[in-house]
Every structure is written in structure tokens, then in C-alpha cells.
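The numbers in the sequence shown follow the UniProt record's numbering, run straight up by one, and end at 418.
What follows is a short report on a single structure.
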Amino acid sequence: MADIEDTVESICENYSGYMKFGKLFTVIENIFKRYDISTDDNKYKLVSETLAKIYKMAMDEKMYGVAETAQNYCESLGIPASSIGIDTAEIVKQTEAFKAKIDAKKIEIEKAKKSLKKDIVRIEYYNLGELFYENGSMQKAAEAYRIAYCFSIHTEDIVSSSIKLGIVSIYNRNYTFGLKFVKEAVFKDLESPQEPKVSHLLSTVFALLHLGAGNLREAAQCLWERPICTQEELPIFGTEKDLAFYAIISGLLTLQRKQFKEDYYSKPNFRILLENYPEMLELGSTFINFDFDKYFKLLSQFQEEFRFDFYLSKNFFFMMQKCKKKVLVTYITPYKTVDLKEMADSIGMSIEDTERAVEELIETNEIKYKINKYNKSLSAKTEDYKLDSFKKAVKVGDEFIKGMESMLLKYHLRKITK
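Right, dumping it as C-alpha cells:
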């Protein structure tokens, strides 16, 4: 309970804009999935207090769309909105005022369309997107920015609209949608480089879209090879520590140890990103140096710290499991026989947990070993190379026969049709 409260406070202090609210809603969703708040008074109180904070901050920042979302959460969770200070009448009033602004902007857009000047239409749609963005209405902001993008001609306009599309796609968790536009902007930026600040912001958006979409190799490539955005822009995406963790974890999951070791020491942007976080660098060095006990301890520490992460929370547990499995495979595969007791001591796990982990690797065919529970050992399965060669030869022969039959059939069909 206390650790979740600390997480909520940390989010309020270290994040800004819609990302702050997105992370808070992620915490609420995770609590709701894990616990029955209708029977747990402490969790009910925590969720209620978090929604009250979201509402107050949203009203203070004039993000009335977020305030309305907080009200909707109350309804879906069975929490009376008035009991946590949500003023439904005030939300309705501000929503009506916002609609009036949107209607006025739409009139300006119609005038711009009649002028037949594409750039004026682009500007008006971009400004419409800004209105929705400031209100916290990210779905509608995405549509307005998309239309602005379609009216963009110059590279700087394409990049500008793409960055905004990428940001709102992150907030909407519609990562593949954002990637379609940001990918083109990245190519445009390579052809005609923008000022470094813009290029770095674009690169950061590109990396985070890949991360959210589960394209970890591409995310690692962006974060290891390119500079990130400025400290002023960073809070709308996350903290520098967040990005450092994304870089190290995506590298661990997608790079082979040899490549990881080479890039770990040779990529300057990666080293700059992680220089303030020695524990992140240590996670990489323990993987490189086979310090498995320390590796597992650090991984468990980060698993606890990042369990409510905005980008990773959906697949986070499976990612951590994959990181652990990768090291187990690295430990086992060089040997024909493995003493499970020694292995358990080396990786800092109990013999029972080690056995279970190894059994899972065998079941999923990630290692070809047999486990001897009596002797607490593993032994590599011997392969019958002659049988494998025979099977391959038979397969090649079958394919050759099928190819010849197909060729003969085509030949006879041609003769008949002549």
C-alpha cells in the first residue's frame, strides 16, 4: 500500500502534461486488475484519493477532458464522484465553453478552405489539434493533427505535425498509428536535417512509439544510437531514468551477448543516457561478465520499480521473465552437464525455483536438455546426426520429385493447348 502511495507521489512530482495523468490512470488500472476494491477498504481509499488528485490537477491545468475521464472512472468503479470532490456541474459548464471554442475554430477552418490555400488550412487544423491537446482530448487532437499533416508540404511542417501526432499516439496508446507518420518524418529529417533540438525530439518520439508497439530492437537502436530530447521536453514522455531503463532492457532482450558487449562499450549516446544511473550500467555489466547473482537481484529491483510503467505495464512481467530466461540459457548452453545446485547458487535462486525455471525452458524447447531430479543435474540430449542428415536428404528428394512432377504437368498442358 505504502509503495503504491509513493509511486503516485513520485508521478505527480516528476511528470507533466498528459503523461502525468496517463501514468496515474495506469496505476489505477493495475490496482483494479489485481484487487477487488469493493471489498478492500485500503485499495478503495487509495483509488479514490488518486482520482481526486487527478481531478484537482486537471481542473487547475484546465485539462477538462482529463477531469471528465476521472469522472467516468468513478462511474465505472462505483465511486460516487461527489464523495471525492468532483463537481459534475463544473465539468459540464467547462465542457460547454470548450465546445463553443471548437465551433468557432471550425468556422475559421471553413473560411480557410474557401481560400484554397493549403498552408492556411494546415495551420487552422494544427491549431484545432492544439485546442484539443490542451484540453486533454487526445483522440480528437490526433485526428486534427492528422489532417494538418495531410496539408503539409514543407519538411518542417511535416516533421512538426508528425511529432505532435506521435505524442498524442503515445498518450492514446495507439503506437502503430503514430509510427506511420513519424517514420516518414524521420526519413525526411535524414534527407533535410532539422535543427538538433527538433531532430532529437523526433528521435525520442520514434523510440517510444517503437517501445510501446513492442518493437524492442528498433527502440534499442534509437535509444542507443541517437541523442534524446532536452530536459525541458522530457517530462511529457517520462524521466531520464525511465529512458535509461528502456534502453538497457530493450538491449538485453534483443541483442546477443557478443553484440550487446560491443555496443555497451562503443555507443556514446547510450553511455551518456545511462551515466547518471550506475545501477543501469551495472545491470549491463553483470550480463556481460556472467555475474548472474547480481544480475537477478538488480532485475528484481527494477521489476518492482517499473511495474506501473506507462509503456511497459501491459507486457512488463513477460519481458522480465524473458530477461531471466535469456541468462539461464546463456548459463546452461556451453555445458553438456550442469549441476543444478551450483547453478542455483550462482544465480541466487532456490533449487526448487531453478528446477521450475529449467523445466519451463525444456518444455518450450529453448534448451535441449534432460533433467535428473534425483541427482539435481541437467544433461544435454545427444543428437543423431546421421538420422538428421537422412531426414534432410529425404526432404530434398521429395521437393525435387514434386518440382519435376509440376514441370512435366506444365509441359503436357502446353502440348494439349497448342
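Ideal Cβ positions, reconstructed from N, Cα and C, are used throughout, including at glycine.
Values in this document were obtained by computation on a predicted structure and should not be read as measured data.
{"Query": "Tell me which residues share the same chain as Met59 and place their Cβ nearer than 7 Å to its Cβ, disregarding the 5 neighbours each side in the sequence.", "Result": "Ala67"}
{"Query": "Spatial neighbours of Asn14 within its chain, please: CB distance less than 6 Å, with the 5 preceding and 5 following residues excluded, ordered by chain position.", "Result": "Thr239"}
{"Query": "Determine contact between the segment 200 to 218 and the segment 304 to 323, defined as no fewer than three beta-carbon pairs at a distance below 8 Å.", "Result": "yes"}
{"Query": "Find the nearest neighbour of Glu279 within the set Gln301, His154, Cys229, Lys258, judged by alpha-carbon distance.", "Result": "Gln301"}
{"Query": "Any contact between the segment 29 to 49 and the segment 88 to 105? By contact I mean 3 or more CB pairs, one from each, below 8 Å.", "Result": "no"}
{"Query": "Using DSSP with H/G/I as helix, E/B as strand and the rest coil, what is Ile371?", "Result": "strand"}
{"Query": "Starting from the Cα of Cys74, find the closest Cα among Thr88, Tyr64, Phe132 and give me that residue.", "Result": "Thr88"}
{"Query": "Can you tell me the Cβ-Cβ gap for Leu340 and Lys376, rounded? I've got them flagged as a contact below 8 Å.", "Result": "4 Å"}
{"Query": "Using a Cβ-Cβ cut-off of 7 Å (strictly less than) and excluding sequence neighbours within five positions of Ala244, which residues of its own chain qualify?", "Result": "Leu273, Leu274, Tyr277, Met280"}
{"Query": "Hey, is the segment 173 to 182 in contact with the segment 120 to 136, meaning 3+ C-beta pairs nearer than 8 Å?", "Result": "no"}
{"Query": "Count the other CB atoms within 10 Å of the CB of Thr204; is the residue buried (16 or more) or exposed (fewer)?", "Result": "buried"}
{"Query": "Just checking, does the segment 151 to 159 make contact with the segment 110 to 126 on the three C-beta pairs under 8 Å criterion?", "Result": "yes"}
{"Query": "Between the C-alpha atoms of Arg414 and Lys314, what's the straight-line distance to the nearest angstrom?", "Result": "57 Å"}
{"Query": "Can you name the start and end residues of the beta strand (DSSP E) that Thr337 belongs to?", "Result": "337 to 339"}
{"Query": "What is the rounded straight-line gap between the Cα of Phe260 and the Cα of Gly251?", "Result": "7 Å"}
{"Query": "Would you mind listing the alpha helix (DSSP H) stretches within the segment 231 to 275 that are 4+ residues and don't spill past its ends, in chain order?", "Result": "240 to 254, 257 to 266, 268 to 274"}
{"Query": "With hydrogens ignored, establish whether the beta-carbon of Phe21 is closer than 7 Å to any heavy atom of the ligand GTP.", "Result": "The ligand content of the structure shown is nil, which means the ligand GTP is not present either."}
{"Query": "Kindly list the residues whose CB is nearer than 8 Å to the CB of Leu299, restricted to its own chain and excluding five residues on each side of it in sequence; keep chain order.", "Result": "Leu283, Met320, Cys323, Lys324"}
{"Query": "Hey, could you find the ends of the alpha helix (DSSP H) Ser192 is sitting in?", "Result": "Ser192 -> no alpha helix (DSSP H), and no H or E assigned at all."}
{"Query": "Using the C-alpha atoms, what's the distance from Ser48 back to Ser83?", "Result": "9 Å"}
{"Query": "Hey, could you find the ends of the beta strand (DSSP E) Ala81 is sitting in?", "Result": "Looking at the DSSP string, Ala81 is not in any beta strand (DSSP E), and its letter there is neither H nor E."}
{"Query": "What is the DSSP secondary structure of Ser160, reduced to helix, strand or coil?", "Result": "helix"}
{"Query": "Tell me which residues share the same chain as His210 and place their Cβ nearer than 6 Å to its Cβ, disregarding the 5 neighbours each side in the sequence.", "Result": "Glu218, Ala219"}
{"Query": "Using the Cα positions of Thr230 and Ser285, report the straight-line distance between them to the nearest angstrom.", "Result": "27 Å"}
{"Query": "What is the DSSP secondary structure of Ser379, counted as helix, strand or coil?", "Result": "strand"}
{"Query": "Check whether the segment 185 to 193 touches the segment 156 to 174, counting contact only when three or more Cβ pairs, one atom from each stretch, lie closer than 8 Å.", "Result": "yes"}
{"Query": "Could you tell me if Phe98 is buried or exposed, where buried requires 16 or more neighbouring beta carbons within 10 angstroms of its beta carbon?", "Result": "buried"}
{"Query": "Taking Cβ to Cβ, would you say Met63 is nearer than 8 Å to Ile236?", "Result": "no"}
{"Query": "Whole angstroms is fine: what's the gap from Asp41's alpha carbon to Leu208's?", "Result": "36 Å"}
{"Query": "Quick one: what's got a C-beta closer than 6 Å to Phe206's C-beta in the same chain, skipping five residues either side?", "Result": "Val182, Val186, Cys222"}
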